[in-house]
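In UniProt numbering, the protein residues as written are 1 to 838. All residues carry an ideal CB built from backbone N, CA and C; glycine is no exception. These numbers were taken from a predicted model, which means no experiment stands behind them. A quick write-up on the structure given underneath.
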């Protein structure tokens, strides 16, 4: 095995002897680039997948094959087998080594950058001794790392080392590196695309900046400036935003801080790896519309960040105007500003568990006095009533009040509330009444979803400019239909032109009449970030219900001692306590999406049934979204977005929660793929685990990061989150063809056939979760099975050693909350990715 004392000209002899350069495109090392201190990691699918870790020293690349890839978890010790030294120009190699040649297979440039030894640890001294201690400045691998040599066992010829992460600010979960980074840092290609020889489209590479064009550029010494490097951190993906509850007055006391309620578009700004994204509150990618804000955000002094705020246009008098924002999006994007009011992630650290005041301190330091069009949203603590009065007197929209000690919850938790100076909300446009002029309309007819049915809510006839009337007519005319969209008083809608309910308008008004019709309404603009199905009447909650010690205490659980799990004599009260404890970590996944409930009113061993519709028997805490069925009529599907909603379902006999693969903001676009691995009787759980890792590998080669979840039943769910752009027919077709491909490749192991007779001895790849209306069990849901097991998100590292799909039950709520806050699960279920071609 080569060592550092070998003469430089001889150190590549082993490398060259193993290769036929007439057949392989690998560099021969005939010309040596200038020396430096670079490192590179190449993902290598040879006889088995591994990661080649290479450090530049004295004119060559010292090389190790890391069999399971590098891990950001300091507890993981990854085997690294020392291999022959490689030439420096190998650091640029990406492609395919021909079959039959040494190392035949696909090679991806997975990471690169510079490295430096820890002070006092000269590698020329420590390498022969069997250890290296160094810092990496890579695009993906960063911080302190250690390599140390193991003592050989018996006649073992391989020189085995261990690669381990030091516990520092860059430490994370076992899957944060190889599980989330699936494309080339140079070409943006997946392993599958490299193997297929897909041409490199540099302008579309998924990681920027591009890899260095020369080894000389690659091995520049790291800058010593005080600013943090902006390359290296993954671009944070979208995550559900915290929502505010409408209340009847501003909460008093110093436990609350108060901010201005802006009149704009709620927007998440994500930056990392020199790139940026802008997401709407429902996860739609609006980066093209807010390109100017992204350009300012990527100049912030951060490696990565996920910022919550509002995109607005500020009028000369200091007010923000939704109508002006609409105009700016069309004609003057440079007029758009952004007020940042929360910081969800910074430099790879999940901040959601920190108190609000800590998050805002970090945000204030990040934004400073402002960066281009970015501004910090200030606040006051206490004195909210006076602030509200002054805002209303100034013609502003209202106040957002937040608990100073609250964590960031991707749901409506009751720790954020809003108080409005004038009532305003979204309504569905259902038609228009004709104008007495030649063109345009007199008023828009409005509707709102109530108990899953669209009802008439009145009309709006003021607030329009001439240009806006023309724009609306262009949008509405193709949607016109002969039948009435809603039932309405004939006199109020005489001569109406009805349209399909596709448009959403924001309207200000004084109040609703007893008949639920608007009084003194004024049009503000169209809302493109909210779908008609999600439009419901906002009702004011008494603020006292939310400022009580436990917001969920208003839900009374009757018959708490009723045994609903005979095995273990577990009661309805224990189930309710479990859901109350995990509500905050469960709602980001199950909240604000259509759900089906498994209700067992007399216990899990009695009659149980699925329920997905409701006519109102669940009360106000369980909400409804109108979804159009195949025959053209709307059905009221259930959804919840508060802890009280979860507990209300439990009070009504619910044990399990199953959700659509889409949120209520746009039920036609999937935000995840779910493959349910369902084993035949007689197969062991280890067979299911092995199959799950096979899916991880195959989907990973296609560029999809995946996450496992044990269901509390027999199998495992392999979940790929998606940015919601693909419609259901496309998603279903992809899932079906993927399952069929697995079956064809390994028919003795997998089947895509629904019939149980064809599953003998095999694992059913249940792809049917990925179609419109289908549901899958939600993370942290209990199951109506013996001893009340629960569905639990896992890291891939945890799944590897698991021996049962039902290791946890409803008595493990505290452990679930602790696990959800761990580094190992910090990125679970989150990835910025789209459905690939198949």
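| field | Segments of 4+ residues assigned as alpha helix (DSSP H) that fall wholly inside the UniProt domain "ATP-dependent DNA ligase family profile" (329-420) | value | Counting only runs that start and end inside the UniProt domain "ATP-dependent DNA ligase family profile" (329-420), the alpha helix (DSSP H) elements of at least 4 residues fall at 356-367 and 384-393.
| message | By alpha-carbon positions, which one of 503, 365 and 447 ends up nearest to residue 531? | response | Here the question's residue 531 lines up with position 531 in the chain shown. Checked all of 503, 365 and 447; the closest Cα to residue 531 is 503.
| message | Taking only three categories from DSSP, how would you classify residue 284? | response | Stepping through the chain shown from its first residue, residue 284 is reached at position 284. Coil at residue 284, not helix or strand.
| message | List, from N- to C-terminal side, the alpha helix (DSSP H) runs of 4 residues or more that fit wholly inside the stretch 636-720. | response | Qualifying alpha helix (DSSP H) stretches, in chain order: 643-651 and 685-701.
| request: Can you say whether residue 721 is buried or exposed, counting buried as having 16 or more other CB atoms within 10 angstroms of its CB? | output: Translated into the one-based positions of the chain shown, residue 721 becomes position 721. Classification for residue 721: buried.
| request: Starting from residue 425, follow its DSSP beta bridges and name the residues at the other end. | output: One-based indexing of the chain shown puts residue 425 at position 425. Answer by DSSP bridge pairing, in chain order: 507.
| task | Could you tell me the boundaries of the beta strand (DSSP E) in which residue 237 lies? | result | Within the chain shown, residue 237 is the residue found at index 237, counting from 1. Unbroken run through residue 237: none, as it is neither H nor E.
| message | On the criterion of 16 or more Cβ atoms from any shown chain inside 10 Å, does residue 642 qualify as buried, or is it exposed? | response | To locate residue 642, count along the chain shown from 1; it is residue 642. Looking at its Cβ environment, which holds 16 or more other Cβ atoms inside 10 Å, residue 642 is buried.
| In whole angstroms, what separates the C-alpha of residue 823 from that of residue 180? | Looking up residue 823 in the chain shown gives position 823. Looking up residue 180 in the chain shown gives position 180. Near 14 Å, if we compare the C-alpha coordinates of residue 180 and residue 823.
| said: My assumption, with CB atoms under 8 Å, is that residue 724 sits in contact with residue 669. Please give the rounded CB distance. | reply: Residue mapping note: residue 724 aligns to position 724 of the chain shown, counting from 1. Residue mapping note: residue 669 aligns to position 669 of the chain shown, counting from 1. The Cβ separation is near 4 Å, so the contact holds.
| Three-way DSSP call (helix, strand, coil) for residue 549 in this model | Your numbering for residue 549 matches position 549 in the chain shown. With a pLDDT of 47 at residue 549, under the threshold of 50, the predicted position of this residue should be treated as unreliable, and no value is reported.
| task | Only counting runs of 3 or more residues, tell me where the beta strand (DSSP E) segments fall wholly within the stretch 82-154, in order along the chain. | result | 95-97, 105-117, 131-138 and 142-149
| task | Compare the C-alpha of residue 408 against each of 472, 243 and 457 and name the closest. | result | If you number the chain shown from 1, residue 408 lands on position 408. For the residues 472, 243 and 457, the minimum Cα distance to residue 408 belongs to 243.
| task | Give me whichever residues DSSP pairs with residue 770 in a beta bridge. | result | Here the question's residue 770 lines up with position 770 in the chain shown. Answer is none; residue 770 lacks a bridge partner.
| Three-pair Cβ contact test at 8 Å for the stretch 481-496 versus the stretch 419-435 | Touching, yes.
| request: Would you tell me roughly how many angstroms separate the C-alpha atoms of residue 647 and residue 96, rounded to the nearest one? | output: To locate residue 647, count along the chain shown from 1; it is residue 647. To locate residue 96, count along the chain shown from 1; it is residue 96. Straight-line Cα distance between these residues: approximately 55 Å.
| task | Could you pull out every residue in the same chain whose Cβ sits closer than 6 Å to the Cβ of residue 645, ignoring the five residues on either side in sequence? | result | Within the chain shown, the letter at position 645 stands for residue 645. Taking residue 645 as the centre and dropping the five residues before and after it, the same chain places the C-beta of 621 and 622 closer than 6 Å to its C-beta, in chain order.
| message | Looking only at its chain, what residues have a beta carbon closer than 7 Å to the beta carbon of residue 94, apart from the 5 residues adjacent to it on each side? | response | Position 94 of the chain shown, counted from the first residue, corresponds to residue 94. The residues are 107, 108, 109, 184, 186, 187 and 194.
| message | If contacts are defined as beta-carbon pairs under 8 Å, then residue 464 and residue 523 qualify, I think. What distance do you get, rounded to the angstrom? | response | Against the chain shown, residue 464 aligns to sequence position 464. Against the chain shown, residue 523 aligns to sequence position 523. That belief holds up - the Cβ atoms of residue 464 and residue 523 are roughly 6 Å apart, short of 8 Å.
| task | May I have the straight-line CA-CA distance separating residue 655 from residue 597, to the nearest angstrom? | result | Start at 1 with the first residue of the chain shown, and residue 655 comes out as number 655. Start at 1 with the first residue of the chain shown, and residue 597 comes out as number 597. Using only the alpha carbons, I get a separation of about 7 Å.
| said: How far does the alpha helix (DSSP H) with residue 14 in it extend, from its first residue to its last? | reply: What you label residue 14 is simply residue 14 of the chain shown in a count that begins at 1. Taken as a continuous stretch (DSSP letters only), the alpha helix (DSSP H) holding residue 14 covers 13-17.
| task | Using only alpha-carbon positions, find the residue among 250, 51, 688 and 796 that is nearest to residue 761. | result | Here residue 761 refers to the residue found at position 761 of the chain shown. Ranking 250, 51, 688 and 796 by Cα distance to residue 761 puts 688 first.
| task | With DSSP as the reference, label residue 209 as helix, strand or coil. | result | Here residue 209 refers to the residue found at position 209 of the chain shown. The predicted model places residue 209 with a pLDDT of 29, which falls under 50 and marks its position as unreliable; any figure quoted below should be read in that light. Here residue 209 sits in coil by DSSP.
| said: Please report the distance separating the alpha-carbon of residue 306 from that of residue 342. | reply: Counting from one through the chain shown, the residue named residue 306 turns up at place 306. Counting from one through the chain shown, the residue named residue 342 turns up at place 342. Straight-line Cα distance between these residues: approximately 9 Å.
| task | With a threshold of 16 other CB atoms inside 10 Å of the CB of residue 834, please say whether the residue is buried or exposed. | result | As a first step, residue 834 is located in the chain shown; it is residue number 834 there, counting from the start. Flag for residue 834 reads exposed.
| task | In angstroms with no decimal places, state the Cα-to-Cα distance between residue 396 and residue 266. | result | The residue given as residue 396 occupies position 396 in the chain shown. The residue given as residue 266 occupies position 266 in the chain shown. One C-alpha to the other measures close to 17 Å.
| message | Below 8 Å on the Cβ atoms is my contact criterion, and I expect residue 333 with residue 292 to pass it. Report the Cβ-Cβ distance as a whole number of Å. | response | In the chain shown, counting from the first residue as 1, residue 333 sits at position 333. In the chain shown, counting from the first residue as 1, residue 292 sits at position 292. Yes, they are in contact, since the Cβ atoms of residue 333 and residue 292 sit about 5 Å apart, within 8 Å.
| Can you tell me the Cα-Cα spacing of residue 83 and residue 102, whole angstroms? | The residue you call residue 83 lines up with position 83 of the chain shown. The residue you call residue 102 lines up with position 102 of the chain shown. Taking the straight line from one Cα to the other gives about 12 Å.
| field | Opposing strand residues paired with residue 41 [DSSP bridges] | value | Taking the chain shown and counting its residues from 1, one reaches residue 41 at position 41. Looking at the DSSP assignment, residue 41 forms a beta bridge with 53 and 111.
| said: Using a Cβ-Cβ cutoff of less than 7 Å, which residues in the same chain neighbour residue 479 once the five nearest sequence positions on both sides are dropped? | reply: Along the chain shown, one-based indexing puts residue 479 at 479. 499, 500 and 502.
| Hey, residue 136 and residue 143: beta-carbon distance below 8 Å or not? | Looking up residue 136 in the chain shown gives position 136. Looking up residue 143 in the chain shown gives position 143. The answer is yes: Cβ separation under 8 Å.
| field | Identified DSSP bridge partners for residue 624 | value | Residue numbering aside, residue 624 sits at position 624 when the chain shown is read from its first letter. DSSP output for residue 624 lists 638 as bridge partner(s).
| request: Count the other CB atoms, across all protein chains shown, that sit within 10 Å of the CB of residue 558; report buried if there are 16 or more and exposed otherwise. | output: Here residue 558 refers to the residue found at position 558 when the chain shown is read from its first residue. Looking at its Cβ environment, which holds fewer than 16 other Cβ atoms inside 10 Å, residue 558 is exposed.
| query | residue 56 to residue 42, Cα distance in whole Å? | reply | Counting from one through the chain shown, the residue named residue 56 turns up at place 56. Counting from one through the chain shown, the residue named residue 42 turns up at place 42. Rounded to whole angstroms, residue 56 to residue 42 spans 14 Å at the Cα level.
| Using the beta-carbon count (16 or more within 10 Å), is residue 551 buried or exposed? | Position 551 of the chain shown, counted from the first residue, corresponds to residue 551. Because the pLDDT at residue 551 is just 43, under 50, the model does not fix this residue reliably, and the value given afterwards should be weighed accordingly. Residue 551 comes out buried.
| message | Quick check on the burial criterion: 16 or more other C-beta atoms within 10 angstroms. Buried or exposed for residue 832? | response | Start at 1 with the first residue of the chain shown, and residue 832 comes out as number 832. Counting Cβ neighbours within 10 Å, residue 832 comes out buried, since at least 16 surround it.
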